[in-house]
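Each residue of the sequence shown is one higher than the one before, counting from 2 in our numbering.
All C-beta atoms, glycine included, are put in the ideal place defined by N, C-alpha and C.
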Amino acid sequence: MLDVGLVTDPRLEEHDPGPHHVERPERLARIRGALDAAGLARRCRPVPLEAADEEALLRVHDRDHVRSVENACAAGAGALDADTGVCRASAEVARLAAGSAIALCREVARGRLRAGFAALRPPGHHAERGRAMGFCLFNNAAVAAAYLREAERVGRILIVDWDVHHGNGTQHAFEEDPSVFYFSVHQFPLYPGTGAAGERGRGAGLGATLNVPLRPGAGDPEFLAAIHDALVPAAEAFRPEFVIVSAGFDAHAADPLASLEVSTPAFAQATRIVREIAERHAGGRIVSLLEGGYHLEALAEATAAHVAALLGPEARS
Ligand SMILES: [Zn+2]
Numbered sequence: 002m003l004d005v006g007l008v009t010d011p012r013l014e015e016h017d018p019g020p021h022h023v024e025r026p027e028r029l030a031r032i033r034g035a036l037d038a039a040g041l042a043r044r045c046r047p048v049p050l051e052a053a054d055e056e057a058l059l060r061v062h063d064r065d066h067v068r069s070v071e072n073a074c075a076a077g078a079g080a081l082d083a084d085t086g087v088c089r090a091s092a093e094v095a096r097l098a099a100g101s102a103i104a105l106c107r108e109v110a111r112g113r114l115r116a117g118f119a120a121l122r123p124p125g126h127h128a129e130r131g132r133a134m135g136f137c138l139f140n141n142a143a144v145a146a147a148y149l150r151e152a153e154r155v156g157r158i159l160i161v162d163w164d165v166h167h168g169n170g171t172q173h174a175f176e177e178d179p180s181v182f183y184f185s186v187h188q189f190p191l192y193p194g195t196g197a198a199g200e201r202g203r204g205a206g207l208g209a210t211l212n213v214p215l216r217p218g219a220g221d222p223e224f225l226a227a228i229h230d231a232l233v234p235a236a237e238a239f240r241p242e243f244v245i246v247s248a249g250f251d252a253h254a255a256d257p258l259a260s261l262e263v264s265t266p267a268f269a270q271a272t273r274i275v276r277e278i279a280e281r282h283a284g285g286r287i288v289s290l291l292e293g294g295y296h297l298e299a300l301a302e303a304t305a306a307h308v309a310a311l312l313g314p315e316a317r318s
């Protein structure tokens, strides 16, 4: 039975942030190649792209931001911040990325899939309510979590963000909301500068944000300790009904943008631990969304290891 959904659509390669940009379309082609070569794609059920509608985006973003992305793309090309370029297709591709995150979450929430992975671009976790940032146009994970909470009435959602950069946009979207727990392990200091250990949420959401900043040079022991020693007990207390992973692979030792030394097997181990959290508390419901990862070979290899761990051992037939 194919109970893990997979989004890997070449249309998401039509977003072009500009020449020589690290967030390049080839990232997805390499991931598709690795999932095919490892026999993982055939073990998943393909989930088609869906575009996020206005209502879905406005749960997280303000109308001016959505319009500014559309207007920049309609003009043909441009930059929404110093490192976030767009082409004519980018607004539509970004809607497809966010909408496909929603589609996977819907299928899992309604019991038609157990789990899912979406190889999305543009990534999402830096996108704020009112602005694009750090290669991100719309916040895929936040839009998906807001959909689960408001449309599927999921009571408690855990977002696990292991991209090497702190997910400022996701944290800010839910920092006053006790029903969405945001966990991030990331290099610190590093772009975007947020994610200090003292950031624990605000107001009613105080305690539902947990940041584990790691010093440059930290590797597998520190990365896995953050997951095992900080995330697992926090999840035990929070008891999530659904788990979303913001799966960036730029903490990999080979990645050119940061200085953590995480190995491919450690990403697989982190996946198993988070999957166990989902199984223990959330009926196994887990959806993973690609964020960063800029060394093509390491990205493809780590993503394949991640998807293999989401699938679990192949059943003998
Ligand atoms: Zn990143």
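Non-local C-beta neighbours of proline 47 in its own chain, meaning closer than 7 Å and more than five positions away in sequence, comprise Leu7, ordered along the chain. Annotated three-state conformation of aspartate 230 is helix, per DSSP. Pairing histidine 307 with proline 257 gives a Cβ-Cβ distance that is not under 8 Å. Judged by beta-carbon spacing, leucine 211 lies within the 8 Å limit of phenylalanine 184, meaning their Cβ atoms are closer than that value. Checking the 7 Å criterion, the Cβ of glycine 249 is within range of a heavy atom belonging to ligand 1.
Serine 69 sits in a helix when the DSSP states are folded into three classes.
Secondary structure note for histidine 167: it is in no beta strand (DSSP E), with a DSSP letter that is neither H nor E.
Collapsing the DSSP output to three states places arginine 44 in a helix. Short note on valine 165: C-beta closer than 7 Å to some heavy atom of ligand 1. In the displayed model, histidine 282 falls within a helix according to three-state DSSP.
The straight-line gap separating the alpha-carbon atoms of glycine 131 and leucine 207 is approximately 23 Å. For tyrosine 183, the three-state secondary structure derived from DSSP is strand.
Three or more beta-carbon pairs drawn from the segment 53-69 and the segment 134-154 are found closer than 8 Å, and the two stretches are therefore classed as touching.
Glycine 293 has its Cβ nearer than 7 Å to a heavy atom of ligand 1. Between alanine 231 and valine 213, the C-beta spacing is below 8 Å. Spanning the alpha carbons of alanine 254 and glycine 220 requires a straight line of approximately 8 Å. Going by DSSP, serine 247 is part of the beta strand (DSSP E) stretching over 243-248. Residues Met134, Cys137, Leu138, Phe139, Asn140 and Gly170 of the same chain have their beta carbon placed closer than 7 Å to that of alanine 128, with the five preceding and five following residues left out of the count. Here glycine 204 carries a helix assignment [DSSP, helix/strand/coil]. Under DSSP, phenylalanine 136 shares a beta bridge with no residue. In the three-state reduction of the DSSP assignment, histidine 307 falls in the helix class, which pools H, G and I. One thing to note: arginine 89 has its Cβ no nearer than 8 Å to the Cβ of leucine 13. Across the set Ile160, Leu36, Pro18 and Thr85, the C-alpha of Ile160 shows the shortest separation from the C-alpha of arginine 276. Cβ contact annotation for glutamate 176 (same chain, cutoff 7 Å, sequence separation greater than five): Gly202, Arg203, Gly206 and Thr210, in chain order. Looking at Gln270, Tyr192 and Pro179, the one whose alpha-carbon comes closest to that of histidine 166 is Tyr192. Rounded to whole angstroms, the separation of the alpha carbons of glycine 79 and histidine 22 is 13 Å. Distances from the alpha-carbon of proline 11 to those of Gly86, Pro18, Asp4 and Ala30 put Ala30 closest. CA-CA distance, proline 241 to threonine 85, rounds to 33 Å. Burial check for arginine 216: the Cβ neighbour count within 10 Å stays below 16, so the residue is exposed.
For a cut-off of 8 Å, the C-beta gap from valine 94 to histidine 16 is around 4 Å, short enough to register as a contact.
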